[in-house]
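>
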Amino acid sequence: MDKLRLHGFNNLTKSLSFNIYDICHARTREQKKAYIAYLDEVFNADRLTQILTEVSDIIGAHILNIARQDYEPEGASVTILIAEEAAYDGPTPDAVVGHLDKSHITVHTYPEFHPDNGISTFRADIDVSTCGLISPLKALDHLIHSFESDVVSMDYRVRGFTRDVDGVKHFIDHEINSIQDYIPEDIRNRYQMIDVNVLAERIFHTKMRLTEFSLNDYLFAEKAEDLSEAEAAELTDRIEAEVNEIFYGRNFASDGSASTS
Numbered sequence: 036m037d038k039l040r041l042h043g044f045n046n047l048t049k050s051l052s053f054n055i056y057d058i059c060h061a062r063t064r065e066q067k068k069a070y071i072a073y074l075d076e077v078f079n080a081d082r083l084t085q086i087l088t089e090v091s092d093i094i095g096a097h098i099l100n101i102a103r104q105d106y107e108p109e110g111a112s113v114t115i116l117i118a119e120e121a122a123y124d125g126p127t128p129d130a131v132v133g134h135l136d137k138s139h140i141t142v143h144t145y146p147e148f149h150p151d152n153g154i155s156t157f158r159a160d161i162d163v164s165t166c167g168l169i170s171p172l173k174a175l176d177h178l179i180h181s182f183e184s185d186v187v188s189m190d191y192r193v194r195g196f197t198r199d200v201d202g203v204k205h206f207i208d209h210e211i212n213s214i215q216d217y218i219p220e221d222i223r224n225r226y227q228m229i230d231v232n233v234l235a236e237r238i239f240h241t242k243m244r245l246t247e248f249s250l251n252d253y254l255f256a257e258k259a260e261d262l263s264e265a266e267a268a269e270l271t272d273r274i275e276a277e278v279n280e281i282f283y284g285r286n287f288a289s290d291g292s293a294s295t296s
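The working numbering applies: residue 36 is where the sequence shown begins, and numbers increase by one.
(1) My output table needs one value for Pro108: the three-state DSSP class, helix, strand or coil.
(2) Kindly indicate the opening and closing residues of the alpha helix (DSSP H) around Asp81.
(3) Is any heavy atom in the ligand COA found nearer than 7 Å to the beta carbon of Leu83?
(4) DSSP on Val163, reduced to helix/strand/coil?
(5) Can you name the residues that DSSP bridges to Tyr191?
(6) Can you tell me which of Glu236, Val187, Arg194, Asp208 puts its alpha carbon nearest to the alpha carbon of Ile218?
(7) Do Leu51 and Leu172 come within 8 Å of each other at the CB atom, strictly closer than that value?
(8) Give the straight-line distance between the Cα atoms of His205 and Ala259, rounded to the nearest whole angstrom.
(9) Mapping the DSSP letters down to three states, classify Leu74 as helix, strand or coil.
(10) Please state whether the Cβ-Cβ distance between His143 and Ile117 is less than 8 Å.
(11) How many whole angstroms separate the CB atoms of Glu76 and His177, which I take to be in contact at a CB cut-off of 8 Å?
(12) Is Arg223 closer than 8 Å to Tyr56 when the C-beta atoms are compared?
(13) How many Å lie between Val231 and Ala265 at the Cα?
(14) Would you mind working out which of Asp151, Asn152, Ser91 sits nearest Ser170, comparing C-alpha positions?
(15) With the cut-off set at 8 Å, would you say Gly153 and Ala288 are in Cβ contact?
(16) Strictly by DSSP, which residues pair up with Glu147?
(17) Return the residue from the list Val278, Ala69, Leu168 that minimises the CA-CA distance to Arg244.
(18) Using 8 Å as the threshold, is the C-beta distance between Asn45 and Thr165 below it?
(19) Under three-state DSSP, which class holds Thr114?
(20) Name the DSSP beta bridge partners of Asn100, please?
(21) Going by the CB atoms, is the gap between Tyr70 and Phe248 shorter than 8 Å?
(22) Report the three-state DSSP secondary structure of His205 (helix, strand or coil).
(23) Have a look at Lys49, Tyr106, Phe148 and flag the residue whose alpha-carbon is nearest the alpha-carbon of Thr63.
(24) Start and end of the beta strand (DSSP E) containing Asp230?
(25) Determine whether the beta carbon atoms of Ile281 and Phe239 lie at a separation below 8 Å.
(26) Closest to Phe78 by CA distance: which of Glu65, Asp201, Arg103 is it?
(27) Under 7 Å Cβ to Cβ from Glu220, same chain only, skipping five residues before and after it: list those, please.
(28) Quick one: using the 10 Å Cβ neighbour count with 16 as the cut-off for buried, is Pro146 buried or exposed?
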């Protein structure tokens, strides 16, 4: 698409939302607590701030304000206000928080575990919402690599409209048919992907899950070679079932059919 000559500011809002899931088996209560503590250390507010700051740099945004918080007993949140243009650099009264540019990046983490079968799941929700020329799609590669997740669910939507110099409304300012168009080939080769897109409404949804399975990648404080053949087979079935249920967004019965719960 040729560069649009706009009347005023490009106020199209482009929002990219991630749900990412990391799945692990922690057999004992002590292992579960240790796994949650490990995640809290690896993805604490400081580390998440670093990732989101890198995202800001990648998409060409200017950071206006950062708020971050680690929670007890676990979890963390970070919110960064961003702008397409640099904010005023002079003296600022205490009452002024920032430049209203309607753009932000947020992340919230949710570690949790099954009450009795050892499956633990770490979820992080990430939102990158921009207004103007900067696009959150530029950060896809970095975000996926930063969390190295088993299952990823992504939503991208362009909202609002902007006017050109002739007064004609434009409801999108870039070409897109799928979020996959913006995912590097090395990542696409590692994941199974499903799209649900509504192009007329500028709504795009992509789900991803890793195609290769190695039991050792899902064990915490254990190794697959130390398990009996029967134990390894049972754990493989349970972990693959967890991945399937998260990927498809529904519970499955033991025979593989969808349950009513």
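Idealized CB from N, CA, C, for every residue including glycine. For clarity, every value in this text was computed on a predicted model and none was experimentally measured.
Reading off the structure:
(1) Position 73 of the sequence shown, counted from the first residue, corresponds to residue 108. The answer is coil: DSSP assigns Pro108 none of H, G, I, E or B.
(2) Working through the sequence shown from its first residue, we reach residue 81 at position 46. Asp81 -> alpha helix (DSSP H) spans 80-94.
(3) Judged by which ligands are present, the structure shown has none, so any question about the ligand COA falls away.
(4) On the sequence shown, residue 163 is found 128 positions in, with the first residue counted as 1. In this structure, Val163 counts as strand in the three-state DSSP scheme.
(5) Translated into positions along the sequence shown, residue 191 becomes position 156. Leu51, Phe239.
(6) Position 183 of the sequence shown, counting from 1, holds the residue named residue 218. That would be Val187, whose Cα lies nearest to the Cα of Ile218.
(7) Numbered from 1 along the sequence shown, position 137 holds the residue referred to as residue 172. Numbered from 1 along the sequence shown, position 16 holds the residue referred to as residue 51. Going by C-beta atoms, Leu172 is nearer than 8 Å to Leu51.
(8) The sequence position of residue 205 within the sequence shown is 170, counting from 1. The sequence position of residue 259 within the sequence shown is 224, counting from 1. For His205 and Ala259, the distance between alpha carbons rounds to 55 Å.
(9) Along the sequence shown, one-based indexing puts residue 74 at 39. Three-state DSSP puts Leu74 in a helix.
(10) As a first step, residue 143 is located in the sequence shown; it is residue number 108 there, counting from the start. As a first step, residue 117 is located in the sequence shown; it is residue number 82 there, counting from the start. It is not a contact, given that the beta carbons lie outside the stated cut-off.
(11) Position 41 of the sequence shown, counting from 1, holds the residue named residue 76. Position 142 of the sequence shown, counting from 1, holds the residue named residue 177. About 21 Å; that fails the 8 Å criterion.
(12) Taking the first residue of the sequence shown as 1, we reach residue 56 at position 21. Taking the first residue of the sequence shown as 1, we reach residue 223 at position 188. Going by C-beta atoms, Tyr56 is not nearer than 8 Å to Arg223.
(13) By 1-based counting over the sequence shown, the position of residue 231 is 196. By 1-based counting over the sequence shown, the position of residue 265 is 230. For Val231 and Ala265, the distance between alpha carbons rounds to 38 Å.
(14) Locating residue 170 in the sequence shown gives position 135, counting from the first residue. The residue with the shortest Cα to Cα distance from Ser170 is Ser91.
(15) The residue labelled residue 153 in the question sits at position 118 within the sequence shown. The residue labelled residue 288 in the question sits at position 253 within the sequence shown. Going by C-beta atoms, Gly153 is not nearer than 8 Å to Ala288.
(16) In the sequence shown, counting from the first residue as 1, residue 147 sits at position 112. Its beta-bridge partners are Thr156.
(17) Taking the sequence shown and counting its residues from 1, the one referred to as residue 244 is at position 209. Nearest option by C-alpha distance: Val278.
(18) As a first step, residue 45 is located in the sequence shown; it is residue number 10 there, counting from the start. As a first step, residue 165 is located in the sequence shown; it is residue number 130 there, counting from the start. No, these two residues do not count as a Cβ contact at 8 Å.
(19) Start at 1 with the first residue of the sequence shown, and residue 114 comes out as number 79. It is a strand residue.
(20) Reading the sequence shown from its first residue, position 65 is the one you call residue 100. Looking at the DSSP assignment, Asn100 forms a beta bridge with Leu116.
(21) Taking the first residue of the sequence shown as 1, we reach residue 248 at position 213. Taking the first residue of the sequence shown as 1, we reach residue 70 at position 35. No, Cβ-Cβ distance for Phe248 and Tyr70 is not below 8 Å.
(22) The residue given as residue 205 occupies position 170 in the sequence shown. In the structure shown, His205 sits in a strand (DSSP, three-state: E or B).
(23) In the sequence shown, residue 63 corresponds to position 28, counting from 1. Out of Lys49, Tyr106, Phe148, Phe148 has the C-alpha closest to the C-alpha of Thr63.
(24) The residue labelled residue 230 in the question sits at position 195 within the sequence shown. Where Asp230 is concerned, the enclosing beta strand (DSSP E) stretches over 226-233.
(25) Counted from its first residue, the sequence shown places residue 281 at position 246. Counted from its first residue, the sequence shown places residue 239 at position 204. For Ile281 and Phe239, no; Cβs fall outside 8 Å.
(26) On the sequence shown, residue 78 is found 43 positions in, with the first residue counted as 1. Measuring from the Cα of Phe78, the nearest candidate turns out to be Arg103.
(27) On the sequence shown, position 185 is the one that residue 220 refers to. Result list for Glu220: empty, nothing under 7 Å.
(28) Working through the sequence shown from its first residue, we reach residue 146 at position 111. The residue in question, Pro146, is buried, as its Cβ has 16 or more Cβ neighbours within 10 Å.
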